[in-house]
Amino acid sequence: MTLLRVTSKALPEHNRRHNRALLLQTLLHDGAMSRADLARESGLTRVTVSDLVNELSSEGLIDELGPREGAHVGKPAQLIGLNVNAYHVVSLDLSGDERFVGALVAIDGTVVHRLDAPVHGATGDDALSTALGLARDLVKRSTVRVLGIGIGTPGVVDGEGIVISAPNLDWAGIDLPQTFGAEFDLPVHVGNDANAAALALHSYHDAGPDFMVIEIEHGAGAGLIIGNALVTGGAFTAGEIGHLVVDPDGEPCVCGRRGCLEQVVAVPHLRERLRRAGAQRRASVLADAGRALGYAVAPVVAALGLEAVVLCGPADLVEGPFLDSAAATVRSLTLAGTGEGLTMSAAGDDHDLVLRGSAVFVLSAELGVS
Ligand SMILES: [Zn+2]
Numbered sequence: 001m002t003l004l005r006v007t008s009k010a011l012p013e014h015n016r017r018h019n020r021a022l023l024l025q026t027l028l029h030d031g032a033m034s035r036a037d038l039a040r041e042s043g044l045t046r047v048t049v050s051d052l053v054n055e056l057s058s059e060g061l062i063d064e065l066g067p068r069e070g071a072h073v074g075k076p077a078q079l080i081g082l083n084v085n086a087y088h089v090v091s092l093d094l095s096g097d098e099r100f101v102g103a104l105v106a107i108d109g110t111v112v113h114r115l116d117a118p119v120h121g122a123t124g125d126d127a128l129s130t131a132l133g134l135a136r137d138l139v140k141r142s143t144v145r146v147l148g149i150g151i152g153t154p155g156v157v158d159g160e161g162i163v164i165s166a167p168n169l170d171w172a173g174i175d176l177p178q179t180f181g182a183e184f185d186l187p188v189h190v191g192n193d194a195n196a197a198a199l200a201l202h203s204y205h206d207a208g209p210d211f212m213v214i215e216i217e218h219g220a221g222a223g224l225i226i227g228n229a230l231v232t233g234g235a236f237t238a239g240e241i242g243h244l245v246v247d248p249d250g251e252p253c254v255c256g257r258r259g260c261l262e263q264v265v266a267v268p269h270l271r272e273r274l275r276r277a278g279a280q281r282r283a284s285v286l287a288d289a290g291r292a293l294g295y296a297v298a299p300v301v302a303a304l305g306l307e308a309v310v311l312c313g314p315a316d317l318v319e320g321p322f323l324d325s326a327a328a329t330v331r332s333l334t335l336a337g338t339g340e341g342l343t344m345s346a347a348g349d350d351h352d353l354v355l356r357g358s359a360v361f362v363l364s365a366e367l368g369v370s
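When we follow my numbering, the leftmost residue of the sequence shown carries the number 1, and every step to the right adds one.
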């Protein structure tokens, strides 16, 4: 979360880094503009802007785009723009139950090149070497400088990027930054997959300052953005809703208990239940799963006053009866007024949320843009 109390003094290098990020962020979200416009938008002096633009230009991050079109009087302003291909991020999405997906992602979140690798339930070292192989292939294919490696993984990830626990991958205490850093000599930033999806929605889909995203894949987890900040919790477990017990008499779970939310809504379990139920009962199985999710998230929606919840997952599962039933359940459980303004939607066509959000881990840490 954003610090509410300042606890250390600002050093000159902090200011410079902050102002560089401010310029890049402005050009990323508002597009090409003149130096004068950039000074106006950023609130920095023209001297500071000019100085930083020269620095960013020499690093290839900013392009001179020539005179503004349509100017009639006087010397036309020269436009400058962010070179979104100055660097690419090697981004990995380890959330899938059948495949890991990787991509080279540009600074504006565009997926430039994608690859995937089958995992078929592989865990432990096998899963780790599949992820390393994917990164290796992507680094090889990159035609521009690589800014770093961003990884979105299931499970609990601490502030250093260490996977404390990812039961579905059978990972505990896996130091991904060290493992990947040793091979690639690049900055490595790791986060939870649902948090990655939340960052992608925040950076590239204008999802607003407060929302929850629920990621339904191999497991089930949530990412929370509150006041434009990612909420991780002190123990980095915020959003870990997969092992909330929703049915104490339900099926046994990998965590040792019964009837966890994951047993009801995660893709492998839901597909298996649909297979057993047959085509005729498909809609009712999906609606039941949506209702269970609604029961689990309604208290969160009420406690935080959330107005938007986004579901990510395979469209054939999460869209339709599942989503409708989840939304109706949340509305029926929350106090009149609380749930009324709630928008509950599916992420839809952007299947790259975790990939693009994993790139944001790197872009925000290395360039200060998101
Ligand atoms: Zn469980």
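Beta carbons are placed, not taken as given, at the ideal position from N, Cα and C, and that holds for glycine.
As summarised for the stretch 117-165, the continuous alpha helix (DSSP H) elements at least 4 residues long and confined to that stretch are 124-141, given in chain order. Look at the beta carbons and you see the stretch 8-18 not touching the stretch 355-365: under three pairs across the two are nearer than 8 angstroms. The three-state reading of DSSP puts E366 in helix, counting H, G and I together. Selection T232, P76 and E251 evaluated against D158 yields T232 as nearest (Cα-Cα).
S284 carries a helical assignment under DSSP once its states are collapsed to helix, strand and coil. The shortest CA-to-CA distance from V146 to any of E319, D185 and A117 is the one to D185. Taking 7 angstroms as the cut-off, the C-beta of H269 does not count as close to any heavy atom of ligand 1. Bounds of the beta strand (DSSP E) holding P67 are I62 to P67. Rounded to the nearest whole angstrom, the CA to CA distance from R46 to P76 is 17 angstroms. Contact between the stretch 279-299 and the stretch 312-321 is present: three or more C-beta pairs spanning the two stretches fall below 8 angstroms. In the displayed model, H205 falls within coil according to three-state DSSP, outside both helix and strand. Nearest C-alpha to T110 among Y204, L306 and L138: Y204. Rounded to the nearest whole angstrom, the CA to CA distance from V369 to L24 is 7 angstroms. The residue from P154, H189, D108 and P314 with its alpha-carbon nearest to that of G348 is P314.
Judged by pairs of C-beta atoms under 8 angstroms, the stretch 127-144 touches the stretch 84-100, as three or more such pairs exist. Three or more beta-carbon pairs drawn from the stretch 228-248 and the stretch 289-300 are found closer than 8 angstroms, and the two stretches are therefore classed as touching. Around the beta carbon of N228, a 10 Å sphere encloses fewer than 16 other beta carbons of the protein chains shown; the residue is thus reported as exposed.
Under DSSP, N192 forms a beta bridge with T153.
The stretch 149-156 and the stretch 170-184 touch, with three or more beta-carbon pairs separated by less than 8 angstroms.
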